[in-house]
Amino acid sequence: MTAQIDHALEEIRRFRPSPEFAAQSVADPGLYEAARTDRLGFWADQARSLLQWEKPFTRTLDWSNPPFAKWFDDGELNVAVNCLDRHVAAGLGDRVAIHWEGEPGDSRTITYAELTDEVKRAANVLTDLGVGEGDRVAIYLPMIPEAVVSMLAVARIGAIHSVVFGGFSAESLASRIDDAEASVVITADGGFRKGKIFPLKLTVDDALERSAGSVKQVLVVRRGENEVAWNDERDHWWHETVGRASNDHEPKAFGAEQPLFILYTSGTTGKPKGILHTSGGYLTQAAFTHKNVFDLHPERDVYWCTADVGWITGHSYVVYGPLANGATQVLFEGTPDTPHPGRWWEIVEKYGVTILYTAPTAIRSFMKLGRQIPHEFNLRTLRVLGSVGEPINPEAWIWYRHVIGGGSIPVVDTWWQTETGAIMISALPGITDLKPGSAQVPIPGISVDILTDEGEHIVGEGGGLLVITEPWPSMLRGIWGDPERFKETYWEKFGDKYFAGDGARRDEDGDFWLLGRVDDVMNVSGHRLSTAEIESSLVAHPWTAEAAVVGAHDETTGQAVVAFVILKASQEEHGNDAVLASEELRTHVARQIGPIARPRQVFIVNELPKTRSGKIMRRLLRDLAEGREIGDTTTLADTSIMQIISAQVR
Ligand code: WTA
422 MTAQIDHALE EIRRFRPSPE FAAQSVADPG LYEAARTDRL GFWADQARSL
472 LQWEKPFTRT LDWSNPPFAK WFDDGELNVA VNCLDRHVAA GLGDRVAIHW
522 EGEPGDSRTI TYAELTDEVK RAANVLTDLG VGEGDRVAIY LPMIPEAVVS
572 MLAVARIGAI HSVVFGGFSA ESLASRIDDA EASVVITADG GFRKGKIFPL
622 KLTVDDALER SAGSVKQVLV VRRGENEVAW NDERDHWWHE TVGRASNDHE
672 PKAFGAEQPL FILYTSGTTG KPKGILHTSG GYLTQAAFTH KNVFDLHPER
722 DVYWCTADVG WITGHSYVVY GPLANGATQV LFEGTPDTPH PGRWWEIVEK
772 YGVTILYTAP TAIRSFMKLG RQIPHEFNLR TLRVLGSVGE PINPEAWIWY
822 RHVIGGGSIP VVDTWWQTET GAIMISALPG ITDLKPGSAQ VPIPGISVDI
872 LTDEGEHIVG EGGGLLVITE PWPSMLRGIW GDPERFKETY WEKFGDKYFA
922 GDGARRDEDG DFWLLGRVDD VMNVSGHRLS TAEIESSLVA HPWTAEAAVV
972 GAHDETTGQA VVAFVILKAS QEEHGNDAVL ASEELRTHVA RQIGPIARPR
1022 QVFIVNELPK TRSGKIMRRL LRDLAEGREI GDTTTLADTS IMQIISAQVR
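To convert a position in the sequence shown, counted from 1, into our numbering, add 421.
Structure, rendered in structure tokens:
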């Protein structure tokens, strides 16, 4: 009965777009119809109307060699020109591209004309440093305008960027540099984080010592003004090179399938995957979704996506989507709570932000602090709110809409992945009746389904595995250097359908509800971490004999990393001081992978639950970590083991 009532409550909470909003919406219902009638024609129209092609394409999709798709492949364009020069040429050079706000409160306003100039200068410097078409450039920067400039400069010369999140360790950076064989790294002396300087250049120096040696040049932006070691042969200051370079740069047009970037993400094995994206299709879908999902009116909106450029959200919805659409946006270096817990809301007020795109974990942290903090600021300019990264629970959705949005503006929950490149499932705010907690419907031109484990289509309502049934423009083109892994990971399970790794269910209206990962990938604060990666870091510690990691439910971060570790017999004295051992191992993981991977808890135990074939039953450990009754233990080799482990954990 209660379940029925809950269900009924969910049913009641529907929010129809207001007539005023619908009247000014950039998207119209005809988009769905057009895409249904002629899906490829629809995407070709979008590519032509949203982008500037130096050579028009005649082929929309080449799917003759699945799963390797080619979109618009006989067309040519320059991605950076699409994000910059063409807006200047259209007379929009004075429009603000970036309102940048540094953590300490310094700020810069950068117009499209200025950003274009800076990108041209940086492109000239990269060319001088020997970067050519198809070469890889690693970018390891804080959220400063130079991060955007670097990405676009790399794109402009047809090279490939690999942005590595500034919170990753030297070891993580080194493995990414090696995998991509990057020849140049762009970094900063240091960045600001919670009032302190974190030394990026130092980490790069350390990474280059560990790496195989592909990097020949390092370009260093001065930001933290902290002291750095200098290698005259290799290191160059940004202000001395880019600052003095010519702003004259003739862009070349590249094929639509020219690789644009590699972005590493966690998979089910220990080794991060270099997800490869290319140019024309990626930019088409990034621009299309940015415009329609956020109802972008570039002439009057001030858009703010809080993601770091180190993640896919920062690529598609800080850099490529907004700039391709000529948007004005806020770029913020800091964290939500430094120097005070109202920092974000102060920024919304200062710049008159109209569209805000953020993650549920941030919303839940603000909920905990209470509504009085945002209420100290004027947030009435906001008119569209977006969410990404993990399922947003209905309570957080409602809070976001009411407390941040004043109760009447649309909240769009957007489902997508590093691999999908751009938003795949989302409401369109002027069209869709909103349903808190549901990502709702595939965007026009996208086909998704829910299948059973055996690959059968689930008719009507019901839960199963989310798949994408047709190739889409911004789909990944592969895993860098590993076509086999690409096929295995995403295509082996269902043949011609892309397996996303997420569970989902469809309700009676046909709306999609995302249910979280079905593989060994955890989602902590919207960041993907693999259990295998953290386990291998734990066993790399000299004290560890065996380790098992699970993602346990966490009220704020969605999931949290919880580890169970057996110490080596020779190290058992550390086990006597479990607090010390667990602290040591938590720090070790943070040092090896990065602070985002630091386990919330490390339990020192004597046993791990294993099946007769020796497979660790993480499901039981998750029950334990979440304080639930332990599930079915009959397949364990030793059914009493969970009692022993529970006693040790308590
Ligand atoms: C999860 C981030 C539910 C999902 C753009 C996916 C979501 C993974 C949502 C990708 C959402 C992302 N609702 N789950 N709106 N958005 N996810 O690659 O599990 O960092 O597979 O891309 O995040 O994470 P990634």
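Glycine included, every Cβ here is placed at the ideal spot set by N, Cα and C.
Residue i - DSSP class collapsed to helix/strand/coil
{"i": "Glu522", "result": "strand"}
{"i": "Thr775", "result": "coil"}
{"i": "His823", "result": "helix"}
{"i": "Glu1028", "result": "coil"}
{"i": "Glu1005", "result": "helix"}
{"i": "Val939", "result": "coil"}
{"i": "Thr624", "result": "helix"}
{"i": "Ile426", "result": "Its pLDDT being 37, under 50, Ile426 is placed unreliably in this model, and the value from its coordinates should be taken loosely. Ile426 falls in the helix class under three-state DSSP."}
{"i": "Lys491", "result": "strand"}
{"i": "Ala925", "result": "strand"}
{"i": "Trp836", "result": "strand"}
{"i": "Leu950", "result": "strand"}
{"i": "Ser1061", "result": "coil"}
{"i": "Thr1056", "result": "coil"}
{"i": "Gly828", "result": "coil"}
{"i": "Leu573", "result": "helix"}
{"i": "Lys908", "result": "helix"}
{"i": "Cys789", "result": "This sequence places Lys at residue 789; Cys is not what is there. In the structure shown, Lys789 sits in a helix (DSSP, three-state: H, G or I)."}
{"i": "Leu897", "result": "coil"}
{"i": "Glu497", "result": "strand"}
{"i": "Ile794", "result": "coil"}
{"i": "Leu482", "result": "strand"}
{"i": "Trp934", "result": "strand"}
{"i": "Ile813", "result": "coil"}
{"i": "Asn944", "result": "strand"}
{"i": "Ile578", "result": "coil"}
{"i": "Ile1051", "result": "coil"}
{"i": "Ile846", "result": "strand"}
{"i": "Ile1066", "result": "helix"}
Span of the beta strand (DSSP E), counted from its first residue to its last, around residue i
{"i": "Phe1022", "result": "Rather than Phe, the amino acid found at residue 1022 in this sequence is Gln. Element bounds for Gln1022: Gln1022 to Ile1025."}
{"i": "Glu503", "result": "Note that residue 503 corresponds to Asn in the displayed sequence, not to Glu. Where Asn503 is concerned, there is no enclosing beta strand (DSSP E), although the alpha helix (DSSP H) it sits in stretches over Val500 to Cys504."}
{"i": "Thr608", "result": "Val605 to Ala609"}
{"i": "Glu967", "result": "Thr965 to Asp975"}
{"i": "Gln980", "result": "Gly979 to Leu988"}
{"i": "Ile618", "result": "Lys617 to Phe619"}
{"i": "Gly842", "result": "Counting along the chain, Gly842 falls outside any beta strand (DSSP E), and DSSP gives it neither H nor E."}
{"i": "Leu806", "result": "Val805 to Val809"}
{"i": "Arg614", "result": "Gly612 to Arg614"}
The alpha helix (DSSP H) enclosing residue i, as first and last residue numbers
{"i": "Ala448", "result": "Neither: Ala448 is in no alpha helix (DSSP H) and is coded neither H nor E."}
{"i": "Asp583", "result": "Going by the sequence as given, residue 583 is Ser instead of Asp. Unbroken run through Ser583 is the beta strand (DSSP E), Ile581 to Val584; no alpha helix (DSSP H)."}
{"i": "Leu390", "result": "The chain is shown from 422 up to 1071; residue 390 falls before or after that span and cannot be answered."}
{"i": "Arg469", "result": "Arg460 to Leu471"}
{"i": "Leu594", "result": "Ala591 to Ala601"}
**Message:** Using only Cβ atoms and a threshold of 7 Å, which residues come within that distance of a heavy atom of the ligand WTA? Order them by chain position.
**Reply:** Thr686, Trp732, Ile733, Thr734, Ser808, Val809, Gly810, Glu811, Pro812, Ile813, Asp834, Thr835, Trp836, Trp837, Gln838, Thr839, Glu840, Ala860, Ala921, Gly922, Asp923, Leu935, Gly937, Arg938, Asn944, Gly947, His948 and Arg949
**Request:** Quick one: which unbroken alpha helix (DSSP H) runs of 4-plus residues sit fully inside the region 633-681? Chain order, please.
**Result:** Those alpha helix (DSSP H) runs which fall completely within the region 633-681 and span 4+ residues are 659-662.
**Asked** If we count Cβ pairs, one from each stretch, closer than 8 Å, do we get three or more for the region 592-600 versus the region 539-547?
**Response** no
**Request:** With a floor of 3 residues, list each beta strand (DSSP E) that falls wholly inside the region 524-571, ordered by position along the chain.
**Result:** Segments of the beta strand (DSSP E) lying fully in the region 524-571: 528-532 and 557-561.
**Request:** Output the residue ranges of the alpha helix (DSSP H) runs that lie fully inside the region 681-764 and measure 4 residues or longer, sorted by chain position.
**Result:** 701-714 and 742-745
**Given 8 Å, three or more beta-carbon pairs between the region 713-728 and the region 811-821** = no
**Message:** Going residue by residue through the region 851-888, where are the continuous beta strand (DSSP E) segments of at least 3 residues, counting only ones entirely within it?
**Reply:** Listed in chain order, the complete beta strand (DSSP E) runs (minimum 3 residues) inside the region 851-888 are 869-872.
**Prompt:** Is the region 774-785 close to the region 974-985, with three or more CB pairs under 8 Å?
**Reply:** yes
**Request:** Flag this pair as touching only if the region 856-875 and the region 666-685 have three or more C-beta atom pairs under 8 Å; answer yes or no.
**Result:** The answer is no - the region 666-685 does not touch the region 856-875, with fewer than three Cβ pairs under 8 Å.
**Asked** For the region 573-587 against the region 487-505, are there 3 or more C-beta pairs whose distance is under 8 Å?
**Response** yes
**Prompt:** At a cut of 8 Å, does the region 476-488 reach the region 726-746 through at least three beta carbon pairs?
**Reply:** no
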